[in-house]
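So the sequences go chain by chain: A and B. Just so you know, we're using our numbering here: the first sequence kicks off at 31 and counts up by one. Just so you know, we're using our numbering here: the second sequence kicks off at 31 and counts up by one. Note that the Cβ used here is the ideal one computed from N, Cα and C, for glycine as well.
There are 2 protein chains.
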Amino acid sequence: MEKDKIEETAMILKLLGDKTRLSMLQLMQIKDCCVCEFVEIFQLTQPAISQHVRRLKEAGLVNERRSGKWIIYSLNQESKFYLLLQDVLTHLPNQDEKLVWLEQQGLTIICE
Amino acid sequence: MEKDKIEETAMILKLLGDKTRLSMLQLMQIKDCCVCEFVEIFQLTQPAISQHVRRLKEAGLVNERRSGKWIIYSLNQESKFYLLLQDVLTHLPNQDEKLVWLEQQGLTIICE
DNA sequence: TTATCATATAAGCAATTGCTTATATAACCG
DNA sequence: CGGTTATATAAGCAATTGCTTATATGATAA
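1) For B/L119, tell me which candidate among B/I60, B/V130 and B/E108 has the shortest Cα-Cα distance.
2) Put B/E142 into one of helix, strand or coil per three-state DSSP.
3) Going by beta-carbon coordinates alone, are B/L105 and A/A40 separated by less than 8 Å?
4) Suppose contacts are defined by Cβ-Cβ distances below 8 Å. Is A/Y112 in contact with A/M58 by that definition?
5) Whole angstroms are fine: how far does the CA of A/D117 sit from the CA of B/L43?
6) So, at 6 Å on beta carbons, what are the nonlocal neighbours of A/Q56 in its own chain, with the 5 sequence-adjacent residues on each side left out?
7) For the ligand ZN, is there any heavy atom lying closer than 7 Å to the beta carbon of A/D62?
8) Just to check my reading of the structure: A/V65 and A/Q76 have Cβ atoms closer than 8 Å, yes? What is that Cβ distance to the nearest angstrom?
9) How would you list, in chain order, the residues of chain B whose beta-carbon sits under 7 Å from the beta-carbon of A/K1?
10) What residues of chain B sit near A/K61, judged by a beta carbon separation below 7 Å?
11) Going by DSSP, name the residue or residues bridged to A/I102.
12) If you follow the alpha helix (DSSP H) that A/K87 is part of, which residue opens it and which one closes it?
13) For B/C63 and B/A89, I'd like the C-alpha separation in whole angstroms.
14) By DSSP, does A/T120 sit in helix, in strand, or in coil?
15) Strictly below 8 Å CB to CB, what residues from chain A border B/H82?
16) If the cut-off is 9 Å on Cβ atoms, which residues from the stretch 109-122 of chain B count as contacting chain A, listed in chain order?
17) Please classify A/I139 as buried or exposed, where buried requires at least 16 other C-beta atoms within 10 Å of its C-beta.
18) Closer than 8 Å by beta-carbon distance: list the chain A residues that pair up with B/E32, in chain order.
19) Please determine, among B/R85, B/V83, B/E94 and B/F68, the residue with the shortest C-alpha to C-alpha distance to B/L132.
20) My output table needs one value for A/M31: the three-state DSSP class, helix, strand or coil.
Written out as structure tokens, the structure reads:
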């Protein structure tokens, strides 16, 4: 039903309506990330980050896979909201410097 | 600063992350609307609707103009988030039937 | 096995949200 | 003028949000 589609879309937009989650999604366009990387980039506590990624995962926007003791998060290209997400992200300024900074700090390596 | 742009965008997306406001914006793409029309369409109380349009207005997404005792709301095409808004709205199902229904009920006329 | 590291989960809390009811404002109409 | 109509604003409230600290889980490494 169309009404449901609108409600679902509103739910997704509400999820995107948080600066941390929005940035996370944009970063995952460039590179799959783990929680510890997000912790460094956003300077938030680990539980705060975990709670954000959980919400993205529950909405089906991201996938998780385990790699040793790390859990790597990535955009779920099969999500029915993937196109919406991509469209929204084109309206954000580039954030590559965050990943460059992470690498310069030698923190990217934490998760490899 | 880029950080601000991301925060601003997140704020706008949070505003769009409500089914009522999201639908309102889509309807205003087709036709400028007044509060009493939204009240009929969404079956919400007048204060509830007024509070939603106020938030859209405060964010600069909509303009208001008075026409007699009615206040007509319309999309603000000068908003710096107008393009984002348009992009988002392309992902919604068509809602023209709501306006058709309004007309059939003779309720469009309330505000003319 | 035990210690450690990465992450998840739980509980608590202040701030925000989306509504409600009640009241105020402002334009129109007889 | 006084009454009605359209809308705004205020105050209150339950639900949700985004964090916090504390603790649990699960894989790795010694």
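Let me spell this out:
1) B/L119 has its Cα closest to that of B/I60, out of B/I60, B/V130 and B/E108.
2) Its pLDDT being 40, under 50, B/E142 is placed unreliably by the model, and nothing is read from it.
3) Contact: no.
4) Taking 8 Å as the cut-off, the Cβ atoms of A/Y112 and A/M58 do not count as close.
5) CA-to-CA, the gap between B/L43 and A/D117 works out to about 12 Å.
6) Answer for A/Q56: L119, L122 and Q125, listed in chain order.
7) The model depicted lacks the ligand ZN and carries no ligand whatsoever.
8) Their Cβ separation, rounded to whole angstroms, is 6 Å, which keeps A/V65 and A/Q76 in contact under 8 Å.
9) No answer is possible for residue 1 of chain A: it lies beyond the span of chain A, which begins at 31 and ends at 142.
10) Simply none; closest approach about 18 Å.
11) Residue pairing from DSSP places A/I102 in a beta bridge opposite A/C64 and A/R95.
12) Element bounds for A/K87: Q76 to E88.
13) A direct Cα-Cα distance of roughly 18 Å separates B/C63 from B/A89.
14) Here A/T120 sits in coil by DSSP.
15) Here the premise fails: no neighbours, minimum Cβ distance about 12 Å.
16) Answer in chain order: F111, L113, L114, D117, V118, T120, H121 and L122.
17) With a pLDDT of 47 at A/I139, under the threshold of 50, the modelled position of this residue cannot be trusted; read the value that follows with caution. With a 10 Å radius around the Cβ and a threshold of 16 neighbouring Cβ atoms, A/I139 comes out exposed.
18) By Cβ distance, chain A contributes P123, N124 and Q125.
19) In this structure, B/F68 is the residue among B/R85, B/V83, B/E94 and B/F68 with its C-alpha nearest to the C-alpha of B/L132.
20) A/M31 falls in the coil class under three-state DSSP.
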